[in-house]
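Chemist:
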Amino acid sequence: MTGTDQQHEAKSNRKTKQSNGSTDALVTPSTTTSTTTTTSTTTSASHGASAASAASTQQQQQRRIEFAPLNVPLSRRLETLAVMIFLSQQLICILAALLMLTVPVFWPIIVPYLLWMHLVDHRTAKNGVGRKSQWLRSARFPFGFLRAYFPARLIKTAELNPQKNYIFGYHPHGIIGLGACINFGTEASNVSKLFPGIDTRVLTLGVNFKIPFYRDYLMALNFADVGKTSIRNILSKGPGSSCLIVVGGAAEALDARPGVADLTLANRKGFVREAIINNACLVPVFSFGENDVYSQAANPPGSRVRRFQNFIKEALGFTLPFVIGRGVFNYTFGLLPHRRPIVTVVGTPIEVPHILSPTEKDVDEIHARYVAALKDLYDQYKDEYSDPKVNLRLVA
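For the sequence shown, full-length UniProt numbering assigns the number 1 to the initial residue and increments by one for each residue that follows.
1) Is it right to say D376 is buried, meaning 16 or more other beta carbons lie within 10 angstroms of its own, or is it exposed?
2) Would you kindly work out how many angstroms separate the C-alpha atoms of S209 and I350, rounded to a whole number?
3) Can you give me the Cβ contacts of K156 inside the same chain, cut-off strictly under 6 Å, excluding the 5 residues immediately before and after it?
4) Would you report the Cα separation of residue 398 and R147, rounded to the nearest angstrom?
5) Please tell me whether F184 and T204 are closer than 7 Å, where the distance is taken between their beta carbons.
6) What's the gap between the Cα of Q296 and the Cα of V305?
7) Thinking I276 and I198 are a contact (beta carbons under 8 Å), I'd like their distance in whole angstroms, please.
8) Are the Cβ atoms of L394 and L254 separated by less than 7 Å?
9) Which residue from D379, V83 and G227 puts its Cα closest to that of R140?
10) Could you tell me the alpha carbon to alpha carbon distance between G174 and A251, rounded to whole angstroms?
11) Helix, strand or coil for V210 per DSSP?
12) Since T102 is in the alpha helix (DSSP H), which residue starts that stretch and which ends it?
13) Would you tell me roughly how many angstroms separate the C-alpha atoms of Y385 and A152, rounded to the nearest one?
14) Counting only the same chain and skipping the five closest in sequence on each side, list residues whose C-beta sits under 8 Å from that of L336.
15) If you follow the alpha helix (DSSP H) that K375 is part of, which residue opens it and which one closes it?
16) Using DSSP with H/G/I as helix, E/B as strand and the rest coil, what is N330?
17) DSSP beta-bridge partners for R201?
18) What number of angstroms, rounded off, separates the C-alpha of M117 from the C-alpha of L218?
19) Do S241 and N190 have their beta-carbon atoms positioned less than 7 Å apart in this structure?
20) Where do the ends of the beta strand (DSSP E) carrying T344 lie?
21) How many angstroms separate the CA atom of G238 from the CA atom of V390?
22) Measuring straight from C-alpha to C-alpha, what distance separates Y331 and G317?
23) From the DSSP output, in three-state form, read off V105 for me.
24) When DSSP builds the beta bridges, which residues end up paired with G169?
25) Terminal residues of the continuous alpha helix (DSSP H) containing K156?
26) In whole angstroms, give me the CA-to-CA distance for C93 and L114.
27) Which residues in the same chain as K132 place their Cβ atom closer than 7 Å to its Cβ, once the five residues preceding and following it in sequence are excluded?
28) Once DSSP output is grouped into helix, strand and coil, what is the label at F67?
29) Classify G130: buried if its beta carbon has 16 or more other beta carbons within 10 angstroms, exposed otherwise.
What follows is the structure in C-alpha cells.
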C-alpha cells in the first residue's frame with residue numbers, strides 16, 4: 001500500500017507489535033538460579049513490576065488516539081469521501097424520503113413515486129431483467145475512488161463461457177461485502193471486460209428494495225433480490241445471465257474480523273440446489289482482505305452480545321456487528337473501513353448436472369465438490385494475498 005495515511009497505519013501496527021515483543025521479553029522467567037531466598041523474592045518482584053509496567057505502557061498506547069496527518073493529497077481525501085458516500089447512501093435515501101413526506105411542497109413528487117414503487121414497480125428487483133445503468137456503474141466518482149481507497153482488485157483464474165449461466169458463490173461476507181459491491185456491483189475493476197458476455201447480478205436482501213430511492217440506485221448498479229424467484233428468473237434470461245450470492249449472509253458477518261477465515265457454509269446448500277435445477281455452473285469466489293478492513297467487538301457464541309445479534313438477525317433478517325474501524329481524521333476508531341487491500345479471486349467454474357428435482361444426495365455431492373474447490377482456491381492464493389498461517393474453516 002502507498003500513501004501518507006497508509007504509512008501511518010502501518011507504523012501504528014509496527015509500534016503495537018514492538019510493544020508486544022518487549023512485553024514478552026519482560027515477562028519471560030529468568031533462567032538464572034537464585035542463591036538465596038531473598039534474592040529469589042527480589043527477582044520475582046522485579047519481574048512482576050516490569051511486567052505490570054509493560055502491560056500499563058501497552059494499554060496506554062492502545063488507548064492513545066493516533067490522528068491522521070493534515071498534508072494528505074487531494075486524491076486521498078476524495079477516496080475517503082467516496083467511502084463516506086457509499087456507507088451513508090441508505091441513510092441518506094431514508095432521510096430524503098421522510099423529509100419529502102414531511103414538507104407539503106414535495107408531496108406531488110413523493111406520493112406518486114411511492115404509489116408507483118409499491119403498485120407498479122415492486123417486481124422489478126425479482127423479474128430477472130432489472131434496470132441496469134452502465135453509465136452509473138462506470139462512474140469514476142465515487143466508484144473509482146472507492147476502489148482505490150483499499151485498493152480493491154479482481155483476479156480471473158479461468159475463462160467463463162458466455163454461452164452458459166453461472167452462480168458465483170462469494171466468500172467471506174465480511175462486515176458489508178465490500179469486495180462484492182466494488183468488484184461485481186460496479187465497473188471499477190472492469191468486471192465486464194474480464195468476463196465478456198457474462199451479465200452478473202449481485203443479490204442482496206429484499207428489504208433493501210423497499211427503501212425509496214435506494215432501491216432504484218441498487219437496481220441501476222445491477223443488484224437484485226436474493227430470493228428463489230429472483231434467482232430462477234435471472235438464470236432463465238438466456239446465455240451469460242448469472243448471479244452472485246454472498247453465501248454466508250448475516251450469520252457469517254458476526255465472525256468477520258482480521259486474521260480469521262471462518263465461513264458459514266457447511267449447511268448452506270440452497271444455492272447449490274438452484275444451480276442444479278437451473279443448469280448453472282458454480283463458481284467459487286474468495287475475497288482476501290474482506291475480513292481485514294474492520295474489527296468488531298468480542299462476541300463469542302453464547303455471549304450476551306451474540307445472543308442479541310442473533311435475535312436481531314432472526315427478527316429483521318440482518319444483523320448489527322459492533323464494528324471498530326477508523327475515522328476521517330484518526331486511525332484508532334470510527335466507522336470507516338481501514339485501508340487494507342481487498343483481492344477478489346474468481347475460481348474455475350464447476351459443471352453440475354441438470355436435474356429438475358435433485359435429491360439430498362445430489363445436492364450433497366455437488367456441495368462437497370464446491371467446498372473442496374473453494375478450499376483449493378484459498379490454499380493456492382493465501383500465500384500471495386493473505387497470511388499463510390490462517391486456515392480456512394467452516395464453522396457452521
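The beta carbon of each residue, even a glycine, is placed where N, CA and C say it ideally should be. The structure displayed is predicted, hence computed values, not measured ones.
Modeler: By the coordinates alone:
1) In the sequence shown, counting from the first residue as 1, residue 376 sits at position 376. The residue in question, D376, is exposed, as its Cβ has fewer than 16 Cβ neighbours within 10 Å.
2) Along the sequence shown, one-based indexing puts residue 209 at 209. Along the sequence shown, one-based indexing puts residue 350 at 350. It should be noted that the sequence gives Phe, not Ser, for residue 209. Approximately 31 Å, taken between the alpha carbons.
3) Locating residue 156 in the sequence shown gives position 156, counting from the first residue. The residues are L194 and V346.
4) Residue 398 is absent from the model: the chain starts at 1 and stops at 396.
5) Translated into the one-based positions of the sequence shown, residue 184 becomes position 184. Translated into the one-based positions of the sequence shown, residue 204 becomes position 204. Not closer than 7 Å, so no.
6) Residue mapping note: residue 296 aligns to position 296 of the sequence shown, counting from 1. Residue mapping note: residue 305 aligns to position 305 of the sequence shown, counting from 1. Cα to Cα, the separation comes out at about 11 Å.
7) Working through the sequence shown from its first residue, we reach residue 276 at position 276. Working through the sequence shown from its first residue, we reach residue 198 at position 198. A Cβ-Cβ separation of about 20 Å leaves I276 out of contact with I198 under the 8 Å criterion.
8) Counted from its first residue, the sequence shown places residue 394 at position 394. Counted from its first residue, the sequence shown places residue 254 at position 254. In this structure, L254 does not lie closer than 7 Å to L394 by Cβ.
9) On the sequence shown, residue 140 is found 140 positions in, with the first residue counted as 1. Minimum Cα distance to R140 is reached at V83.
10) What you label residue 174 is simply residue 174 of the sequence shown in a count that begins at 1. What you label residue 251 is simply residue 251 of the sequence shown in a count that begins at 1. The alpha-carbon atoms of G174 and A251 are separated by roughly 10 Å.
11) Taking the first residue of the sequence shown as 1, we reach residue 210 at position 210. Checking the sequence, you will find Lys at residue 210 rather than Val. Helix at K210.
12) Sequence index remark: in the sequence shown, residue 102 carries index 102 (1-based). Here the alpha helix (DSSP H) through T102 covers L74 to T102.
13) Working through the sequence shown from its first residue, we reach residue 385 at position 385. Working through the sequence shown from its first residue, we reach residue 152 at position 152. Those two C-alpha atoms are separated by around 12 Å.
14) Taking the first residue of the sequence shown as position 1, residue 336 is located at position 336. T80, V83, M84, L87, G325, R326, G327 and V328, listed in sequence order.
15) Translated into the one-based positions of the sequence shown, residue 375 becomes position 375. First-last of the alpha helix (DSSP H) with K375: E360 to Y385.
16) Here residue 330 refers to the residue found at position 330 when the sequence shown is read from its first residue. N330 falls in the strand class under three-state DSSP.
17) Against the sequence shown, residue 201 aligns to sequence position 201. According to DSSP, R201 bridges with C243.
18) In the sequence shown, the residue the question calls residue 117 occupies position 117. In the sequence shown, the residue the question calls residue 218 occupies position 218. Their Cα atoms are separated by approximately 14 Å.
19) Here residue 190 corresponds to residue number 190 of the sequence shown, with the count starting at 1. Here residue 241 corresponds to residue number 241 of the sequence shown, with the count starting at 1. Their beta carbons are not under 7 Å apart, which means N190 does not touch S241 by this criterion.
20) Position 344 of the sequence shown, counted from the start, is the residue given in the question as residue 344. Taken as a continuous stretch (DSSP letters only), the beta strand (DSSP E) holding T344 covers I342 to V346.
21) Numbered from 1 along the sequence shown, position 238 holds the residue referred to as residue 238. Numbered from 1 along the sequence shown, position 390 holds the residue referred to as residue 390. Their backbone Cα atoms lie some 40 Å apart in a straight line.
22) Along the sequence shown, one-based indexing puts residue 331 at 331. Along the sequence shown, one-based indexing puts residue 317 at 317. C-alpha separation (whole angstroms): 31 Å.
23) Along the sequence shown, one-based indexing puts residue 105 at 105. Of the three classes helix, strand and coil, the one that applies to V105 here is helix, per DSSP.
24) Taking the sequence shown and counting its residues from 1, the one referred to as residue 169 is at position 169. Answer is I245 and P284, bridged to G169.
25) Numbered from 1 along the sequence shown, position 156 holds the residue referred to as residue 156. Segment A152 to K156 is the beta strand (DSSP E) holding K156; no alpha helix (DSSP H) there.
26) Start at 1 with the first residue of the sequence shown, and residue 93 comes out as number 93. Start at 1 with the first residue of the sequence shown, and residue 114 comes out as number 114. So the two alpha carbons sit approximately 13 Å from each other.
27) Your numbering for residue 132 matches position 132 in the sequence shown. Excluding its 5 nearest sequence neighbours in each direction, K132 has C-beta neighbours in its own chain below 7 Å: A220 and N222, listed in chain order.
28) Numbered from 1 along the sequence shown, position 67 holds the residue referred to as residue 67. DSSP places F67 in strand when its eight states are reduced to three.
29) Taking the first residue of the sequence shown as position 1, residue 130 is located at position 130. Flag for G130 reads buried.
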